[in-house]
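Single-structure report; data block below.
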Amino acid sequence: VLYLVFGMAPPSDGDSLNYHLALPQRDLEIGFIAPLPGRSVAYLYPALMEMLYRTALAFGRPEAAQIIHGIFGIGAGLVSILLARRIGLSLRYAMFAGIFFLLVKGVLSMSGSCYVDLGFAFFTATALLLLMIANELDYPPSLGLLLGLLVGAMMNVKYHGFVIAVIIGAIVAITCVPKH
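Note that the working numbering numbers the sequence shown so that position 15 is 265, with each residue one more than the last.
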């Protein structure tokens with residue numbers, strides 16, 4: 251409920267107003283995606299979350315985009331519960347892990363903004379969970395495809411995703427190749 255309240259407040263943080271919402275809104279106003287004069291470097295960053303924000307802006311208000319970011323935060327919290335269970339924690343401690351993630355000050359403050367970090371956390375945590383499941387099931391192709399999609403999404407949210415993709419790729423190579 252708190253995430254919904256935060257998401258329904260008008261945007262007020264600098265990054266959302268100057269970048270994550272401003273560029274998609276301008277593109278919608280002119281009818282196509284185009285770099286801003288003097289700010290074209292902003293278009294060099296991965297843009298998956300901004301594409302989602304662009305869609306929210308096309309159908310609603312900026313608050314809809316903030317709610318999308320908050321939903322990714324809730325999703326990351328839920329996935330952290332699943333990760334905690336996967337590594338052997340009891341349901342009680344797994345729930346504590348998920349609640350702890352959701353109540354971290356940085357996560358709370360970002361839940362009502364149009365940043366990209368909660369989307370990145372969701373895709374990264376979900377890829378890690380899927381990697382663990384795929385390893386247990388001897389890497390079935392369907393999970394490999396889904397893992398690839400998650401890693402691709404992660405890389406299209408933040409450049410940090412490329413580092414994590416290399417790590418996941420190395421883990422797959424080390425654990426999967428000897429089995430096949």
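Beta carbons: idealized from backbone N, C-alpha and C, even for Gly.
- Considered as a whole, the stretch 256 to 286 harbours no complete run of any beta strand (DSSP E) with no fewer than 3 residues.
- For the options F370, M345, P391, the alpha carbon positioned closest to that of Y409 is the one of F370.
- For N385, the enclosing alpha helix (DSSP H) stretches over residues 367 to 386.
- Counting the other CB atoms within 10 Å of its CB gives A297 a total of 16 or more, which places it among the buried residues.
- In the displayed model, I324 falls within a helix according to three-state DSSP.
- Of the candidates V255, Y303, L387, L395, the residue whose Cα lies closest to the Cα of T425 is L387.
- If you draw a straight line from the Cα of L379 to the Cα of P285, it is about 37 Å long.
- V401 places its beta carbon 8 Å or farther from that of F372.
- DSSP places R311 outside any alpha helix (DSSP H), giving it a letter other than H or E.
- Looking at the backbone, the Cα of L252 and that of A315 are separated by about 16 Å.
- Taking C-beta separations shorter than 6 Å and ignoring five residues to either side along the sequence, the partners of P312 in its chain run P261, L271, following chain order.
- Here I349 is exposed. Its C-beta has fewer than 16 other C-beta atoms within 10 Å.
- The DSSP-derived three-state label of A420 is helix.
- Contact between M360 and L368 holds, with the beta-carbon distance rounding to 6 Å and staying under 8 Å.
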